[in-house]
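Each residue of the sequence shown is one higher than the one before, starting from 17 at the first, in my numbering.
Report on the following structure.
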Amino acid sequence: MRALKIIFVHLKTKNLLFYLQLENSNLMKKTIYSIYLIIGLCAIAFSAWGQVNQPVYGQNITVQVTDLQKFYDMGGSANTAPDCQETDMINDCWSKVTLCSGGNIVCVTFNSMTFNAGGYDNLIVRDGDALGNILGNTTLNASGKFPDGTTFTSSAPSGCLTFEFHANSIGLAGDWDATIRVKTTGRDDNPPPCNLVCNDHVNASMPADPGCYRTFQAEDFLQNPDANCTSYTVALSYPYGTVPGNGTDVNRSQIGYTFVYSVRLTDGSNNSCWGYVTVEDKAPPQAFCKDRISPVIR
């Protein structure tokens, strides 16, 4: 009976050991899986906020970028792009990447570039997508590369830039280090706001023109007109007892009167300013002589 009890305890101990080993094994698997997951997330984060590489030969991709990301050749920050091999010939040894930022303006500045002399490899920069206008081509430069500090800025509606890299099997492929900047302002469809400032009181003299009218423009009333403001309407409020004009002009019968004027933008913002204008007659006198008449002697 005692022997059976010992055997039973022994079996329970072995089962317990096996269970602990199994639990340890599962815990190890979960730990390894968690490590891989963390590494994967870090890789994704690094790709999103760290750097962008030119894709391998034969690829044509679009990448959403953020401000201050780095842009490198295929080899990344540490290595030169691989040479074009026979296996790449079927892809014509090219690759394209379009850098976009959700409609914002993408700018890329080349900090350094190393290309082989002779134009064996070249990098083409296009405005917008792969069919956009060419902004730069390394083969058109005498040095066969973009000078350090060269910046390309998108003017396409998409705000994107496309980089098309061509290589061959002669010498090492291209190597570059560039910085991406993203501009959220300065687009043509988002012009800077206008600064609209009116003079408090303007003294305006009537012209010497015998036509006896003066028509006012916005520039007659504004302080340092802003170059960003190009379209205005002007309105005069005529004093009681005067004959109203067309809203922008005065005549000699209104000399000495003070008007309220307003200037309004017509860009949709509806911004406006106002002030006073007093009409004066400070034009110098002019003499009007009849043509000389010569007597006719018969």
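Here a beta-carbon is modelled for each residue, glycine too, at the ideal position from N, C-alpha and C.
C-beta atoms of asparagine 153 and cysteine 100 nearer than 7 Å: no
Residue interval of the beta strand (DSSP E) (run including glutamine 80): 76-80
Same chain, Cβ closer than 6 Å to arginine 280, five either side skipped, listed in chain order: Thr249, Ser288
Residue closest to phenylalanine 87, alpha-carbon to alpha-carbon, out of Val122, Ser278, Asp265: Val122
Where leucine 156 sits in the DSSP three-state scheme: helix
Buried versus exposed, by CB contacts within 10 Å (16 or more), glycine 175: buried
Host beta strand (DSSP E) of aspartate 143 (start-end): 138-143
Best match in Thr78, Val72, Gly92, Ile77 for proximity to aspartate 191 [C-alpha to C-alpha]: Gly92
Spatial neighbours of methionine 129 in its chain, beta-carbon cut-off 6 Å, leaving aside the 5 residues before and after: Lys161, Phe162, Trp192
Cβ pair valine 293, valine 198 closer than 7 Å: no
Arginine 230 burial status per 10 Å Cβ neighbour count (16 or more: buried): buried
Within 7 Å, strictly: CB atoms of leucine 177 and serine 170: yes
Outcome for aspartate 297 when other beta-carbon atoms lying within 10 angstroms are tallied against a minimum of 16: exposed
Cβ neighbour criterion (16 or more within 10 Å) applied to glutamate 180: buried
Residues of its chain near serine 117, where Cβ-Cβ distance is below 6 Å and the 5 sequence neighbours each way are ignored: Val81, Val198
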